[in-house]
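Following: one structure in C-alpha cells, then a few remarks.
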Amino acid sequence: MPVFHLFETVTGKYMFDANANTFLKLNERSYQALLNYRNSNFEQVEPEIQNLFDSGFLAEKQDFEMIHPMSDSLQHNLSRSVGSITLQVTQNCNLRCSYCAYSGSYLHRVHTNKRMKKEVALKAIKFLIEHSVDSPIINIGFYGGEPLLEMDLIKACVAYAREQSAGKELTFNLTTNATLITDETLEFLSSNDFNLTISLDGDEVAHDRNRVFAVNNKGSFQTIMDNIENIKNKTPDYVNKVMFNAVIDPNSDFSCSTNFFSNYETVKDFAVMASDIASSYKKSESLINDSFIKMYNYEVFKLFLYKFGRLKKSDVSKLVMESFDQIQENVHNRLRISFYDVKKDHHSGPCVPGVQRLFVNADGALYPCERVSEASSVMRIGHIDTGFELDNIRNILNIGTITEKECKECWAFRYCTSCAMAADDISEFSAAKKLSICNKVKENTESLFKDYCVLRELGYDFDKEKV
25 MPVFHLFETV TGKYMFDANA NTFLKLNERS YQALLNYRNS NFEQVEPEIQ NLFDSGFLAE
85 KQDFEMIHPM SDSLQHNLSR SVGSITLQVT QNCNLRCSYC AYSGSYLHRV HTNKRMKKEV
145 ALKAIKFLIE HSVDSPIINI GFYGGEPLLE MDLIKACVAY AREQSAGKEL TFNLTTNATL
205 ITDETLEFLS SNDFNLTISL DGDEVAHDRN RVFAVNNKGS FQTIMDNIEN IKNKTPDYVN
265 KVMFNAVIDP NSDFSCSTNF FSNYETVKDF AVMASDIASS YKKSESLIND SFIKMYNYEV
325 FKLFLYKFGR LKKSDVSKLV MESFDQIQEN VHNRLRISFY DVKKDHHSGP CVPGVQRLFV
385 NADGALYPCE RVSEASSVMR IGHIDTGFEL DNIRNILNIG TITEKECKEC WAFRYCTSCA
445 MAADDISEFS AAKKLSICNK VKENTESLFK DYCVLRELGY DFDKEKV
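In this note's numbering, the protein residues as written are 25 to 491.
And the structure:
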C-alpha cells in the first residue's frame with residue numbers, strides 16, 4: 025500500500041509522497057484520480073495513477089525494522105557525549121502561576137519546599153563532566169520552581185564547575201520569573217555570562233492574569249519591569265544575554281501581547297520566544313478562542329510578507345518569528361534526506377534521552393528533560409548515584425514500537441513531533457494515549473506543508489533565504 029497525503033492551497037493541489045519524501049503539484053484530473061484511488065482502497069487505477077507509477081511515485085510502503093537510528097550508538101553517546109545538564113535546585117517558587125507544571129493543574133506535580141542539597145548538585149555536575157569526554161562545550165542550567173531562591177547553591181555550582189571543567193568551554197543558563205534579581209544577583213549573573221531567560225507573558229493585564237505572588241495573590245508585572253529597567257541601567261552590556269519567554273494564553277488578546285513586546289519601552293529591544301501552555305499531563309484541555317487564532321494567523325501572514333520584502337521586520341510580531349524556522353527546519357531541510365532502502369527507521373520526534381537535555385531533579389533522579397513528570401517511572405532514566413538506566417532510555421527512544429503498525433502507515437512518519445511524553449501514563453507507556461494526539465500532529469504537519477508549498481510557488485528560495 026502506498027503512503028501519501030493530498031492537500032490543497034491557494035496556489036494549487038498537491039500530493040506528498042511519503043516514500044519518495046517529496047511534493048508533487050497536481051492538475052485537477054490527477055488529484056481526483058488519487059482521491060478515487062485512495063477511496064477505492066487502492067484498487068481503482070486510472071491512467072493518471074499509472075502515469076504516477078511509471079514516474080516512480082506511489083511505491084509500496086517500505087518494510088523496515090522500527091528502531092531509532094541512534095539506538096546502536098546509544099551507550100557510547102551516553103558515556104561520552106552528554107552536552108548539558110539542568111538542575112532543579114528547588115521545587116519551591118515565590119509565584120503561583122495558573123498554568124505552571126507545579127500549579128495543581130497538572131497530574132502528579134505540585135509545589136513543595138524541597139531543595140536540592142549541595143552534595144547532590146555537585147555530584148550532578150561531576151556526572152556531567154565524566155560523561156562529556158567528547159563534548160568540547162558543556163552547559164549547566166538552573167531550573168525550579170524559582171531557581172533564584174537558591175542563589176548560594178547556584179554560586180557554589182558555578183565555582184565547582186569552573187574548577188572541574190578544565191579544557192572545556194563552559195556555559196550557564198537560568199530561567200527565572202525575575203522578581204528576585206537584586207543588584208548582587210545581577211552582578212553574579214552578568215559576570216559569569218549567564219544566558220538569562222525571563223518569563224514574561226505580555227502587558228500588565230495579560231501577565232498578571234496568570235502570574236501572581238504566592239503571599240498575596242497580587243500580580244508580578246511591575247516588579248519585573250522595575251528589575252528589567254535595573255538590568256538595562258546597571259549592566260547595559262549584558263542585555264544581549266537576556267531574553268523573554270512568553271507563555272501565550274489562548275484566551276488572551278494576541279494583538280496586545282504582540283504590541284507590548286514590539287513597542288513597550290522597557291522590553292522592545294529584547295529577544296522573545298513564544299510558548300504554548302503545556303498540554304501533557306494537564307488535567308483539562310486548554311480551549312482556544314477564534315479571535316486568538318485569527319490574530320495569530322494574521323501575524324504569520326505578515327511574517328511571510330516580510331520574507332518577501334513587502335514589510336519591515338519591525339512590522340512583524342516577535343512572537344511568530346520562530347514559525348518560519350519551523351518551516352525551514354522541519355520541512356525544507358528534511359526534504360533533502362533520502363529514505364530509500366532504509367533497513368532501520370523510526371518516526372521523528374524523540375530526542376536522544378540523556379544526551380541532549382538531561383534533567384536532574386532535586387533528589388538526583390535523571391529524566392530526559394524538564395518537561396516530563398517526575399512521578400513517572402517509565403520516564404526516569406537513572407540517578408546520579410547509580411548512572412543511566414539503559415533499558416528505560418531505549419524504550420523512550422524507540423517509543424514508536426508501541427504503535428508500529430499505525431506509524432508505518434502514516435504519511436507524517438518522518439515529520440512527527442510525538443515523543444515518549446505523549447504516551448506517558450506514569451507507570452507504563454500507553455499506545456492509546458500516544459495515538460490520541462496523532463490527528464493534531466498531522467494537522468500541524470499539513471499546515472507546515474501548505475505554508476511551504478505556497479512560499480515555494482511564490483518564488484521563495486529556502487536555500488538562499490530570499491525571493
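For each residue, glycine too, the CB sits at the ideal point set by N, CA and C.
Values in this document were obtained by computation on a predicted structure and should not be read as measured data.
Using DSSP with H/G/I as helix, E/B as strand and the rest coil, what is residue i?
i, result
"E32", "strand"
"K306", "Legend: pLDDT at K306 = 49, less than 50; position of this residue unreliable, value from coordinates given subsequently. Three-state result, K306: strand."
"E452", "coil"
"D369", "strand"
"F245", "helix"
"L479", "helix"
"E289", "coil"
"I255", "helix"
"R438", "helix"
"I417", "helix"
"V182", "helix"
"F40", "strand"
"S103", "helix"
"R395", "coil"
"S279", "helix"
"S108", "strand"
"E170", "coil"
Less than 8 Å separating the beta-carbons of residue i and residue j?
i, j, result
"S95", "N422", "yes"
"Q115", "Y126", "yes"
"K457", "A446", "yes"
"D176", "S105", "no"
"P392", "R381", "yes"
"A148", "F437", "no"
"C117", "G168", "yes"
"I420", "E413", "no"
"I361", "L472", "no"
"L50", "Y61", "no"
"T199", "I161", "no"
"T33", "K331", "no"
"V222", "A238", "In the sequence as displayed, the identity of residue 222 is Ile instead of Val. No, the Cβ-Cβ distance between I222 and A238 is not below 8 Å."
"N216", "V182", "yes"
"G226", "A298", "no"
"V366", "Q86", "yes"
"S156", "G191", "no"
First and last residue of the alpha helix (DSSP H) that includes residue i?
i, result
"V340", "Taken as a continuous stretch (DSSP letters only), V340 belongs to no alpha helix (DSSP H), as it is neither H nor E."
"Q115", "Premise fails: Q115 is in no alpha helix (DSSP H) and is neither H nor E."
"V144", "K142 to E154"
"S544", "Beyond the ends of the chain as shown, which are 25 and 491, falls residue 544; an answer cannot be given."
"I73", "P71 to D78"
"E208", "D207 to S215"
"C431", "E428 to K432"
For residue i, which residues does DSSP report across the bridge?
i, result
"F237", "L119"
"D387", "Answer by DSSP bridge pairing: none, since D387 is not bridged."
"G406", "L390 and F412"
"I22", "Outside the shown range of the chain, which is 25 to 491, sits residue 22, and nothing can be said about it."
"R139", "T114"
"M90", "D369"
Return the first residue and the last residue of the beta strand (DSSP E) that residue i is part of.
i, result
"T195", "E193 to T200"
"L50", "T46 to L50"
"I272", "V266 to I272"
"V296", "A295 to D300"
"I317", "From DSSP, I317 is part of no beta strand (DSSP E) but of the alpha helix (DSSP H) over D314 to K331."
"S223", "N219 to S223"
Leaving out five residues before and five after residue i in sequence, what residues of the same chain have Cβ atoms less than 6 Å from its Cβ?
i, result
"N197", "G165 and N219"
"E394", "T110, Y167 and F383"
"E481", "T35"
Who are the Cβ neighbours of residue i in its own chain at under 7 Å, not counting the five residues just before and after it?
i, result
"R186", "L194"
"E72", "R53, S54 and A57"
"Y262", "S214 and I255"
Going along the chain, which residues of its own chain have a beta-carbon closer than 8 Å to the beta-carbon of residue i, five neighbours each way excluded?
i, result
"A455", "I426, T427 and A447"
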